[in-house]
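These notes concern the structure reproduced below.
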Amino acid sequence: AERLRERLQGRLRHVILDCLSLLETKGPKVIFVMQHLSALIQSYEQRTAVADVSQACAGEQWARLKQVVAEEECKSDTDVSKREAQDSTDTHAGSAGRKRKRKR
Numbered sequence: 218a219e220r221l222r223e224r225l226q227g228r229l230r231h232v233i234l235d236c237l238s239l240l241e242t243k244g245p246k247v248i249f250v251m252q253h254l255s256a257l258i259q260s261y262e263q264r265t266a267v268a269d270v271s272q273a274c275a276g277e278q279w280a281r282l283k284q285v286v287a288e289e290e291c292k293s294d295t296d297v298s299k300r301e302a303q304d305s306t307d308t309h310a311g312s313a314g315r316k317r318k319r320k321r
């Protein structure tokens, strides 16, 4: 029974990795999943005082999941920074346009 459970968990991790590679990662549902996976990994590392999830059973798969999640978090952070910079530029451009109109 334990072997079957371990095989199923390994297969599930493999399926998750495959799915993550196929998904558009900017959607809110995918971001939620990534945040949840990140929280699970961090919780495990804190709870077990393991420095890295790669030391867990099936550590290679967990390390790969952690890497994929971290890469997507970096992409999300970069996308947010780009949007904020664009919003700031748009706001400043809009203010300058309004100032020019008032001078006329």
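Residues are numbered in the numbering used here as their position in the sequence shown, beginning at 1, plus a constant of 217. All C-beta atoms, glycine included, are put in the ideal place defined by N, C-alpha and C. What you are looking at is a predicted structure, and each value in this text was computed from that prediction instead of being measured.
Residue nearest to LEU282 within the set LEU254, TYR261, ALA268, ALA273 is LEU254 (criterion: CA-CA distance).
The beta carbons of MET251 and GLU277 sit no closer together than 7 Å. Using a Cβ distance threshold of 7 Å, ALA275 and GLY227 count as a contacting pair.
Here the C-alpha atom of GLN259 lies approximately 12 Å from the C-alpha atom of SER271. Counting only unbroken stretches of 4 or more residues, the alpha helix (DSSP H) elements lying wholly within the region 224-299 are 245-265, in sequence order. Just so you know, the alpha carbons of LEU221 and GLU262 end up roughly 25 Å apart. LEU234 and VAL285 do touch by the CB rule: their CB atoms are close to 7 Å apart, below 8 Å. Note on LEU229: under 16 other CB atoms within 10 angstroms of its CB, so exposed under the neighbour-count rule. Between LEU239 and ARG264, the alpha-carbon positions lie close to 31 Å from each other.
Cβ-Cβ distances below 8 Å link CYS236 to nothing in the same chain once the five nearest sequence neighbours on each side are left out.
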